[in-house]
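Right, one structure below, let's go through it.
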Amino acid sequence: MNTIDIHYDPEADLLEILFRDSPNDGHSEEVGPGVFIHRVEETNEIYGIGIISFKKRPQVLGKILKKININLPINITNL
3 MNTIDIHYDP EADLLEILFR DSPNDGHSEE VGPGVFIHRV EETNEIYGIG
53 IISFKKRPQV LGKILKKINI NLPINITNL
């Protein structure tokens, strides 16, 4: 993992984390209410995650990262 792009939209309460550039052939899969995993279509590689209503449930981030076996070098619970 080289660069991680983290974006939080306070108006939408949306956290978006990209582990690489978005591919042209990507798709998103809702794996839980308001929790999305973004994958490369051709390889099924995970390139990002999105969490709607993040501030109301920041613990979801840790759960989803553990599920997909990715560790972030920082803590993102207090935006």
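Start counting the sequence shown at 3; every next residue gets the next number (this note's numbering).
The C-beta atom is built at its ideal place from N, Cα and C for all residues, glycine as well.
Note that this is a predicted model, so its numbers are computed, not measured.
**Prompt:** When you compare only the Cα positions, how much space is there between Q61 and G34?
**Reply:** Rounded to whole angstroms, the gap between the alpha carbons of Q61 and G34 is 13 Å.
**Request:** Alpha carbon to alpha carbon, how far is F21 from N4? Give it in angstroms, no decimals.
**Result:** Per the coordinates, the alpha-carbon of N4 lies some 8 Å from the alpha-carbon of F21.
**Asked** What did DSSP end up calling L63 once you bin it into helix, strand or coil?
**Response** Helix.
**Message:** Using the Cβ count rule (16 or more neighbours within 10 Å means buried), how would you classify I8?
**Reply:** Burial check for I8: the Cβ neighbour count within 10 Å stays below 16, so the residue is exposed.
**Prompt:** Within this structure, are the beta carbons of I48 and I54 separated by less than 8 Å?
**Reply:** The Cβ atoms of I48 and I54 lie no closer than 8 Å to each other.
**Message:** Run through the DSSP bridge pairs and tell me what I72 is partnered with.
**Reply:** Partner(s): none; I72 has no beta bridge.
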